[in-house]
Amino acid sequence: MATRPADVHTGGAALAASGAEGRLRDAFVLLWANKVALLGLVLTILFLLIGMAGIVILLHPGLHHLWEDQNLRAVLVTPGSEGHLLGTDNFGRDLLWRIVAATGLSALMAVGVTAFVIVVGLVMGSVAGFFGGRADTGITGLIDLTWGFPLLLVAVIFAGMVGKGLNAVVAAAAVILWAGFARIIRAQVKTLREREFVEAARMLGTPAWKILVRHMWPNVLGTVLVMASYYVAITIIVEAGFSFIGLGVQPPTPSLGGIIAEGRNFWSVSIWPSVIPGATIALIVLGLNSLGDGLRDIFDPRLRRF
Amino acid sequence: MEDGRTLQEQAGPPQREPPVSGEPLVVESLTTEIRRRRGSFAAVDNVSFSVRGSEILGLVGESGCGKTLTALSIMRLLPEAARITSGRVLLGGRDLRGLREADMRGIRGKDVAMVFQEPMTSLDPSFTIGMQLIETIRAHGAGTKREARDRSIEMLENVGIPRAATRLDDYPYQYSGGMRQRVMLALALLLEPAVLIADEPTTALDVTIQAQILDLILQLRDEHGMSVILITHDLGVVHEIADRVAVMYASEIVETATAGEIFRKPQHPYTQGLLRSLPELARRGTPLPVIEGRVPELGALPASCRFGPRCPNRITRCDDEHPTLERANGDRELRCFNPTEFELRLGH
Amino acid sequence: MTAYVLRRFVYAIFLLFIASLFVFYGLRVAPGDVTDYIRTVTSGQEFGETLREQLGLNEPLPAQYFVFVKNYLSGDPGNSIITGAPITEILKDSGVNTVKLGASAIIIVYLLAIPLGLFAAWRRNSPQDQTIRFLAVLGMGVPNFFLAILLIQLFAVKLGWFPVAGPGGLRHLVLPAVVLALESLAINIRLMRSSVLEEAAKDYMRTLRAKGLRQRRIMWAHALRNSLVPVVAFAGIVIPLILGYTLIVEVIFRFQGIGFQLVESIQNRDYALAQSLALLFTAVVIFSNFLADIGHQLLDPRVRERTVAR
């Protein structure tokens, strides 16, 4: 590892020797010492908890009334009012529950897309890096092809293909984001391939998939965690933007971007219906990015976003 | 300080005459401290030596004994955590410690130059060799662009770079390790400095290239007449070219003498140990003798003799007192209570 | 080097071809077509059929692709079905607007990120450095469309310094360009800072100081030059990111560039127009990536040499 300036953490070296389990434990100790990353962890856990609550009230029809019920006599109520901690929107719907539901939708979508991206990127990158040759040429070609295209452009074109809605942005994120991750994994697997323990396993005739699963994937675990937190953040921002311009989640289903867009029309009466979801996104993304940065400093300071 | 002694309680430097013109560089009681989490420690402790005109002084010791920090203190290029706390560095009679940073900048590269251990990474990869040479001359206002270029070509030829005029426009990655070290020497000698500090100049190179670079240093010394401080952990290197040797151990100098004296009659047990572990001198077929133990950590220096714990000649006094550097016979200085004669059984 | 540029150019053309296939078939197999939209506003089934016939929508797909490419290359991709305006006009106007907007944002990003990153690294851990780093983290967290409505509210509605929306002169460009630049600015400041710090820790820095160079020259010539390499390499990511965000920013500011028109045409199912716009957008992306790639090659002597040798 190259020498890093003094203010960058020196965790990487400390982690090099220990196994995957010990590594995770050490990582947690180092994370605990990094206050910004710890704050990121807390925000992320909070996000996931609220997200789970949101998924429940989105999927359980008996709970829809929480975010669906209108009350035209209490529209655009300011936050802190009785019964409405965060106020209401222009239909008098409770903003707190709408944001919880929207966070649930964001979390479900972002975690789902990220899981897909990680799995595909991991497999493609491993195959390309481990086997080399024609498989590598093919996969690298595919990576180069996809990776320079703006996610939002692809999402808009998909929206033209399959119609407005969450599908377009989910599909676009899945199609574009794997390439960056596969590229990182490919480079790491290529390096790992030259290490003694992998050479030894290969000489003993261990099958390739076993080497990958047993010896290589535990070593890229850190990269997976770091990039996963970035990808969740990217997906949330892109989905929110996409819903904001009206091509994503369609009303009345609540989405963070959609609530901001609706609230914007009533800005002269109350700014809260768009400021609160905006701040929510900012906190979620800030949390995920800080967590990702902290994990990166621990696992691999040279890793870059995207 | 961790070892509980203050500077005043430590022995002063050996009595020294005022600097004479024959000694372009005199280091007097130089102490440089490193700030660590648990306090500050003297990584260069009360070090005094001088380099005479056109002399090659070998500064020898294991890694971590403070050689490089001594050199960086002279250059005033210390890392952030290190600080000179006392002593003087006299270059041609002028104390470098008292200079403003701007004046010090005018000295670096012009009056004292330095060559580093890693030729592969010591040059800026994005600038051509020519640009890096020329900017040095220009920074000291020593000539027009044209003159600087001509001077650079001349100097590259001087250090044995073939086709220097064209190689000037090459980037560092187009040079081999040995060639880069030649470039580093050219860079250091561009402005005819009075003193050249070479910090492990051959350590990173192949053995054959090492010999070439050492020969080159000798040859350049003869041509340009500068004094050289050659820092190395390898007594073999010193044996090749040094006129005088100063041996450092655990932040302080333990023995100085002419090269001949050091190799013929080393008196400090540490110097003797270093000599015994030279592969060239060991008896064939027997394991290479090593000095048992390790250099003590900066924070854990014994208040008594610092080499004591590893010393085969230790007597009771060594555990109670810190020996001072005393003038011994002739040109020798020694920091030891119980020096012994050295028997070197040469291998064949 | 010339060979390399040529090779990258051929690859860019190849990418453009793949993209045109994707754009064409993607927007052709879409559920419904423009006749659905027109039918809802005008008469019934028969009119729709005649229109489909007229527009060639009943031809086999490869034939339609051929016609699409031919029309595009001959400079006459037809008219917008909704407004009747010639597509070339829309492409030209929106293209100029988007390039203006994108270029302004990119200029803002690099003009500020490079000196700020260098400065932050130079004054590492000073209050200024910490302020810059805090703002950079914040800039990466706040979604840019949210920032846009905040800025519009403050600078356009409350203070009236800038227009709320629309394309126009320089004053119309300021807010959208700033919004567009912000996230990439934040990313690049961080990248530049860490890149400078990485360079500052390298061995050659000590040589430069030992040569007697001024700190200013070491920072602004040597550190800057070397830390730019990763920053320029990263432009290959930053530029698509900025171009992608024009889709959102143009919609918010009703700035009639490619992004605005593209979203509009897709909302209206005006696929002929959408195809042309998407293709133009892709071409802009591919061309900027091409430029970023060449820039990276030019900056790093080692890469430069390798590509010459190849």
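Residue numbers (this note's numbering), protein chains in the order written: chain A, 2 to 307; chain B, 7 to 354; chain C, 9 to 318.
Where a beta carbon is used, it is the ideal one built from N, C-alpha and C, also for glycine.
Let me check one thing: in DSSP terms, what residues is residue i bridge-paired to?
i	result
aspartate 205(B)	Ile237(B)
glycine 64(B)	Leu236(B), Val251(B)
threonine 141(A)	Paired residue(s): none; threonine 141(A) is not in a bridge.
aspartate 101(B)	Leu96(B)
leucine 109(C)	Answer is none; leucine 109(C) lacks a bridge partner.
glycine 45(B)	Arg42(B)
isoleucine 89(A)	At residue 89(A) the sequence reads threonine, which differs from the isoleucine that was named. In DSSP, threonine 89(A) forms a bridge with Asp95(A).
alanine 102(A)	None, per the DSSP bridge assignment.
isoleucine 259(B)	Met254(B)
alanine 38(A)	Bridge partners of alanine 38(A): none, in fact.
asparagine 87(C)	Pro94(C)
leucine 31(C)	For clarity, residue 31(C) is valine in the given sequence; the question names leucine instead. Valine 31(C) pairs with nothing; no bridge assigned.
valine 57(B)	Leu31(B)
glutamate 339(B)	Thr262(B), Arg333(B)
threonine 37(B)	Ser92(B)
valine 50(B)	Thr38(B)
Quick one: measure Cβ to Cβ for residue i and residue j, integer angstroms, because I've assumed they're closer than 8 Å.
i	j	result
methionine 81(B)	isoleucine 203(B)	7 Å
threonine 172(B)	arginine 89(B)	Incorrect: roughly 45 Å between the Cβ atoms, too far for contact.
phenylalanine 348(B)	proline 272(B)	5 Å
glycine 320(C)	leucine 167(A)	A question about residue 320(C) goes unanswered here, because the residues of chain C that appear run from 9 up to 318.
proline 151(C)	isoleucine 282(A)	5 Å
valine 57(B)	serine 233(B)	4 Å
Can you list the residues of chain C that residue i reaches, using a CB-CB cut of under 7 Å?
i	result
leucine 83(B)	Arg214, Arg217, Ala218
serine 69(B)	Result: empty, since nearest Cβ-Cβ is about 16 Å, beyond 7 Å.
glycine 112(B)	Gly220
serine 275(A)	Ile157
alanine 160(A)	Ile274
isoleucine 238(A)	Pro151
methionine 120(B)	Ala218
For a contact meaning CB atoms closer than 7 Å, what does residue i contact in chain B?
i	result
leucine 126(C)	Going along chain B, no residue has its Cβ under 7 Å from leucine 126(C), so there is no contact; the nearest lies around 15 Å.
glycine 210(C)	Correcting the residue identity first, residue 210(C) is lysine in this sequence and not glycine. Residues of chain B passing the Cβ test: Thr127.
Residue i touches chain A at which residues, Cβ-Cβ below 8 Å?
i	result
isoleucine 26(C)	Leu146
phenylalanine 153(C)	Ala241, Gly242, Phe245, Ile246, Gly258, Ile261
List, in order along the chain, the chain A residues whose C-beta lies closer than 7 Å to that of residue i?
i	result
glutamine 161(C)	Trp268
asparagine 105(C)	Per Cβ cutoff of 7 Å: no residues; asparagine 105(C) is ~16 Å from chain A at best.
What residues from chain B crowd round residue i, counting only those whose CB sits closer than 8 Å?
i	result
histidine 230(C)	Asp130, Ser132, Phe133
Applying a beta-carbon distance threshold of less than 8 Å, which residues of chain C neighbour residue i?
i	result
lysine 271(B)	None at all; the shortest Cβ gap to chain C is about 36 Å.
leucine 193(B)	Thr215, Lys219
lysine 116(B)	Gly220
arginine 265(A)	Ile157
Mind listing the chain B neighbours of residue i? Cutoff is C-beta to C-beta under 9 Å, in chain order.
i	result
aspartate 137(C)	Near aspartate 137(C) there are no residues of chain B at all, since even the closest Cβ is about 15 Å away, more than 9 Å.
arginine 233(C)	Asp130, Ser132, Phe133
Going along chain C in order, which residues have a C-beta closer than 9 Å to the C-beta of residue i?
i	result
isoleucine 282(A)	Gly149, Val150, Pro151, Phe154
glutamate 163(B)	By Cβ distance, chain C contributes nothing, its closest Cβ being about 20 Å from glutamate 163(B), past 9 Å.
asparagine 290(A)	Val145, Met148, Gly149
threonine 209(B)	Chain C residues near threonine 209(B): none, gap ~13 Å exceeds 9 Å.
For a contact meaning CB atoms closer than 9 Å, what does residue i contact in chain A?
i	result
glutamine 68(C)	Here residue 68(C) is proline; the residue named in the question, glutamine, does not match the sequence. Near proline 68(C) there are no residues of chain A at all, since even the closest Cβ is about 19 Å away, more than 9 Å.
isoleucine 95(C)	Neighbours of isoleucine 95(C) on chain A: none; closest Cβ ~16 Å, over 9 Å.
Q: Let me know the alpha helix (DSSP H) ranges lying completely inside the stretch 106-152 of chain B, each 4 residues or longer, listed in chain order.
A: 107-113, 135-145
Q. What are the start and end residues of each continuous alpha helix (DSSP H) run of 4 or more residues lying completely inside the stretch 225-301 of chain A, in chain order?
A. 257-265, 273-300
Q.
At 4 residues or longer, what runs of the alpha helix (DSSP H) sit wholly inside the stretch 158-215 of chain C?
A. Those alpha helix (DSSP H) runs which fall completely within the stretch 158-215 of chain C and span 4+ residues are 178-208.
Q. Can at least three beta-carbon pairs, one atom from the stretch 142-156 of chain B and one from the stretch 219-237 of chain C, be found at a separation below 8 Å?
A. Counting C-beta pairs closer than 8 Å gives three or more between the stretch 142-156 of chain B and the stretch 219-237 of chain C, which meets the contact rule.
Q) Taking contact to mean at least 3 C-beta pairs separated by less than 8 Å, is the stretch 141-153 of chain C in contact with the stretch 298-307 of chain C? A) no
Q.
Any contact between the stretch 124-133 of chain B and the stretch 171-187 of chain B? By contact I mean 3 or more CB pairs, one from each, below 8 Å.
A. yes
Q: List in chain order: all unbroken alpha helix (DSSP H) runs of 4+ residues lying wholly within the stretch 177-218 of chain A.
A: 197-204
Q: Decide if the stretch 195-212 of chain C is in contact with the stretch 96-110 of chain B; the criterion is three or more beta carbon pairs, one per stretch, under 8 Å apart.
A: The stretch 195-212 of chain C vs the stretch 96-110 of chain B: no contact.
Q) Taking contact to mean at least 3 C-beta pairs separated by less than 8 Å, is the stretch 126-143 of chain A in contact with the stretch 190-209 of chain A? A) In short, these stretches touch, since the Cβ pair count reaches three.
Q | Within the stretch 300-327 of chain B, ranges of the alpha helix (DSSP H) (whole runs, at least 4 residues) | A | 322-326
**Q.** the stretch 235-255 of chain B contacting the stretch 50-66 of chain B, beta-carbon criterion three pairs below 8 Å
**A.** yes
Q. How do the stretch 153-164 of chain B and the stretch 110-122 of chain B stand: do at least 3 beta-carbon pairs fall below 8 Å, yes or no?
A. Note that the stretch 153-164 of chain B does not touch the stretch 110-122 of chain B; fewer than 3 beta-carbon pairs, one per stretch, sit closer than 8 Å.
Q: Taking 8 Å as the threshold, find out whether the stretch 41-51 of chain B comes into contact with the stretch 253-268 of chain B through three or more Cβ pairs.
A: yes
Q: Flag this pair as touching only if the stretch 11-23 of chain C and the stretch 299-316 of chain B have three or more C-beta atom pairs under 8 Å; answer yes or no.
A: no
Q.
Can you confirm whether the stretch 112-127 of chain C touches the stretch 193-202 of chain C when touching is taken to mean that 3 or more C-beta pairs between the two stretches lie within less than 8 Å?
A. yes
Q. Just checking, does the stretch 259-272 of chain C make contact with the stretch 99-115 of chain C on the three C-beta pairs under 8 Å criterion?
A. yes
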